[in-house]
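Since the structure comes first, as structure tokens, the remarks are kept for the end.
Protein chains: 2
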Amino acid sequence: MKNYNKVSISQDSRTELHDKLSLTGAEISINNLPAGTCVPFVHSHKNNEEIYFILSGKGKAVVDGETIELISGDWIRISPQGQRQFFASDDEPISFICIQVKENSLEQYTMEDGIMHN
Amino acid sequence: MKNYNKVSISQDSRTELHDKLSLTGAEISINNLPAGTCVPFVHSHKNNEEIYFILSGKGKAVVDGETIELISGDWIRISPQGQRQFFASDDEPISFICIQVKENSLEQYTMEDGIMHN
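So the protein lines, in turn, are chains A and B.
With the working numbering, letter number 33 in the first sequence gets 33, and the count goes up by one each step, no holes.
So the number in the working numbering is just where the residue sits in the second sequence, counting from 1, plus 118.
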């Protein structure tokens, strides 16, 4: 079996990668909100940390009632218990990825976890 | 303490987010390779799955000796044991993010892990 999987992503409103890429340590979604729209609910998580990256456009997140303005290039980490909702701006869409991982699951990384082969 | 952290990322050759965002379930790096250059080593991992997303430009990955052409919008998952190296194309730079998570660490996600608040 090959040690990799690859996909290319379209401009659908939401694409989930867990099954497409056979992910085992994360779920990743790509989300596109038209101008003036929002994710239609507030949510938090039981166990999972979420990391959001703004690919293009602008909008805002509201976390525990606090508004955080977001533009292309911004990264935001939200603890499981943070109550969050995402909005496109009134006049621009927003595209973002959301990375969902189990809080405190990373034990070692980069130099500690890596093995060099040349 | 706030339930979130935010950063905006520049065009440095490599930016690591673990400490900047107080991540606990992933390490994430943003990488920019000029045209004609590559990551100067082949590596694999002890425990960590890696997920790469091509932000812009083009290039290739070589995984276990197999060449995978990459362009903006591509996603690729690589198992810990995959021996990998990343290259920009000869005439274009490549920018990509690398998400490092512990293999098999995700227990539940999205609807199973989420809690709705309205």
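C-beta atoms are modelled at their ideal positions from N, C-alpha and C, and glycine is treated no differently.
Query raised in the report: Got a sec: which bits of the stretch 202–235 of chain B sit with their beta carbon under 9 Å from any beta carbon on chain A, in order along the chain?
Result: Cβ proximity to chain A below 9 Å picks out Arg202, Gln203, Ile215, Ile217, Gln218, Val219, Lys220, Glu221, Asn222, Ser223, Leu224, Glu225, Gln226, Tyr227, Thr228, Glu230, Asp231, Gly232, Ile233, Met234 and His235 from the stretch 202–235 of chain B.
Report task. Determine the direct distance from the alpha carbon of Ser213(B) to that of Leu139(B), and round the result to whole angstroms. Result -> Rounded to the nearest whole angstrom, the CA to CA distance from Leu139(B) to Ser213(B) is 20 Å.
Query raised in the report: Taking all protein chains shown into account, do 16 or more other C-beta atoms lie within 10 angstroms of the C-beta of Gly177(B), making it buried, or fewer, making it exposed?
Result: With 16 or more other Cβ atoms within 10 Å, it is buried.
Query raised in the report: What residues from chain B crowd round Val42(A), counting only those whose CB sits closer than 8 Å?
Result: By Cβ distance, chain B contributes Met234, His235 and Asn236.
Report task. Look at the alpha carbon of Met1(A) and the alpha carbon of Arg202(B), and state the distance between them as a whole number of angstroms. Result -> C-alpha separation (whole angstroms): 16 Å.
Query raised in the report: Hey, Lys164(B) and Ile115(A) are a contact pair by Cβ (cut 8 Å); roughly how many whole angstroms apart?
Result: Cβ atoms of Lys164(B) and Ile115(A) come within 8 Å of each other, at about 6 Å.
Query raised in the report: If you follow the beta strand (DSSP E) that Asp192(B) is part of, which residue opens it and which one closes it?
Result: From DSSP, the beta strand (DSSP E) with Asp192(B) extends over Asp192 to Ile196.
Requested in this report: Could you tell me the distance, in whole angstroms, from the CA atom of Ala144(B) to the CA atom of Asn166(B)?
Outcome: So the alpha carbons of these two residues sit roughly 9 Å apart.
**Report entry** Outcome for Gly154(B) when other beta-carbon atoms lying within 10 angstroms are tallied against a minimum of 16
**Finding:** That one is exposed.
Requested in this report: Would you kindly report the start and end of the unbroken beta strand (DSSP E) that includes Glu20(A)?
Outcome: At residue 20(A) the sequence reads Lys, which differs from the Glu that was named. No beta strand (DSSP E) holds Lys20(A); DSSP gives it neither H nor E.
Requested in this report: Please check if any C-beta of chain B sits within less than 9 Å of the C-beta of Asp64(A).
Outcome: Answer yes: the Cβ-Cβ gap between Asp64(A) and chain B drops below 9 Å somewhere.
Query raised in the report: chain A beta carbons: is any one of them nearer than 9 Å to that of Ser131(B)?
Result: Not closer than 9 Å to any Cβ of chain A, the Cβ of Ser131(B) fails to qualify, so no.
Query - DSSP-derived helix/strand/coil call for Phe53(A) - result: DSSP places Phe53(A) within a strand segment (E or B) once states are collapsed to three.
Query raised in the report: Between which two residues does the beta strand (DSSP E) containing Met1(A) stretch?
Result: Segment: none, Met1(A) is in no beta strand (DSSP E) and carries neither H nor E.
Requested in this report: Using a Cβ-Cβ cut-off of less than 9 Å, list which residues of the stretch 137–154 of chain B approach chain A; keep chain order.
Outcome: Interface annotation for the stretch 137–154 of chain B against chain A: Lys138, Leu139, Ser140, Leu141, Thr142, Gly143, Ala144, Glu145, Ile146, Ser147 and Ile148, criterion Cβ-Cβ distance under 9 Å.
Query - Pick from Pro80(A), Pro34(A), His117(A) and Asn104(A) that is closest to Ser89(A), judged by C-alpha positions - result: Nearest C-alpha to Ser89(A): Pro34(A).
Query raised in the report: How long is the line joining the alpha carbons of Glu184(B) and Glu16(A), rounded to whole angstroms?
Result: Rounded to whole angstroms, Glu184(B) and Glu16(A) show a C-alpha spacing of 26 Å.
Query raised in the report: What in chain B is Cβ-close to Ser119(A), meaning under 8 Å?
Result: Nothing in the structure corresponds to residue 119(A), since chain A is present only between 1 and 118.
Query raised in the report: Around the C-beta of Ser8(A), are 16 or more other C-beta atoms found within 10 angstroms, so that it is buried, or is it exposed?
Result: With fewer than 16 other beta carbons inside 10 angstroms of its own, Ser8(A) counts as exposed.
**Report entry** Beta-carbon separation (whole angstroms), Gly200(B) vs Tyr4(A), contact threshold 8 Å
**Finding:** About 6 Å; that satisfies the 8 Å criterion.
Query - Segment limits, beta strand (DSSP E) that includes Thr67(A) - result: Per DSSP, the continuous beta strand (DSSP E) segment holding Thr67(A) begins and ends at Glu66 to Ile71.
Report task. Use the C-beta contact count for Gln129(B): other C-beta atoms within 10 angstroms, 16 or more gives buried, fewer gives exposed. Result -> Exposed, because fewer than 16 other Cβ atoms sit within 10 Å of the Cβ of Gln129(B).
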